[in-house]
Every structure is written in structure tokens, then in C-alpha cells.
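Notes to accompany the following structure.
Residue numbers (our numbering): 323 to 507.
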């Protein structure tokens, strides 16, 4: 009867992934402590299969005036009934900026190894690019880009046609200035 219960229990278990962000305001030692605290909470009612600190990265958008954060991924097996309680506990954890739990298909050992090889190859390529320098610096610079308004508009404004020349660097600087502006709608 216990075998039947354990088989039934393993059928109820599903594979989940938790991704959470720790603000950049904490030191590396504090980040490790927070990660251990979260891992201990997850381990109370689940079976952890992967716990990986992805490191410090730039956020896609500022959260609470933070532009960088430490990403941590935890994969675990749990019963679906345990997820709301875990989500509630994580929501109350003040050290976390954000967290997200998603249900994942459980991967085989072969799939995990393939993914690790692919990640290692990507990391190697990134390291080579960094050693070789920035590609934008290596690329030949364009002298100027002609920006020509339509003939009708120019004739209406000044009565003559004009060519406006802007270097790519000036254009990049202007775009950065616009995108970083605080008064965007």
C-alpha cells in the first residue's frame, strides 16, 4: 500500500522553475545568504533538482530604481498544492525584487548535458569577442550618412534643397540621449 501511495505521490509531483532577483545593493556574501534562505524555504516542501546563481546582470527596466540585480534559478519537483504557499512566502521575502514560478517539462539527463554544452560554447564565444574588442570599434567608420528630406518639404521651408550630414556616432549619441531621457511618455 505504501508503494501505491508513493507512486501516486510521484505522479502528483510536477517540475517547476523559480527565477528570482536579488537587488544589487547586497554584497556577494549577503546574496549567498539570501539565496540559501530562499533555497531552504523551497526545500521545505519540494525536491530541488537545480540551484544556479546566474550572476549580476542588467535589468531590462528599472525596478525600484535598481538597474542591476542578481539572478538565481531553482528547479524543483513539487505538488501543485504547495505552490501557492511558496509564492506567498516569497512575496513576503523583503530581500527579493521579483520572483516567478513556472511549470516546466522535466528534462532528461541527456537534455541537461546538451544544454550545458551549448551554454559553455556560448560563454566561450562571448569571452573571445571580449578579448578581440568591441565589434563596433573594429568596424570601419562611415564618413557620413546623408539625410535628405523630401524635395517638397525643403522647397516649402527654404526654397532650396539641402543635404544634412550626420555621422553614425552623432546619431548613436542622440538616440542614447533620447532613450535615457526621463520625460518619455
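We put the CB at the ideal spot given by N, CA and C, even for glycine.
query                                                                                                                    : result
For residue 348, the first and last residue of its enclosing beta strand (DSSP E)                                        : Taken as a continuous stretch (DSSP letters only), residue 348 belongs to no beta strand (DSSP E), as it is neither H nor E.
Pair within 9 Å by beta-carbon distance, residue 394 and residue 374                                                     : yes
Secondary structure of residue 466, DSSP reduced to three states                                                         : Bear in mind that the predicted position of residue 466 carries a pLDDT of just 42, short of 50, making it unreliable; the figure below should be weighed with that in mind. Three-state result, residue 466: coil.
Residue 345 burial status per 10 Å Cβ neighbour count (16 or more: buried)                                               : buried
Among 446, 347 and 492, nearest to residue 387 - alpha-carbon criterion                                                  : 347
Nonlocal neighbours in the same chain, by C-beta distance under 6 Å from residue 356, ignoring five residues either side : 344 and 417
Between the CA atoms of residue 362 and residue 401 - distance to the nearest angstrom                                   : 17 Å
For residue 451 and residue 342, the rounded distance between their alpha carbons                                        : 29 Å
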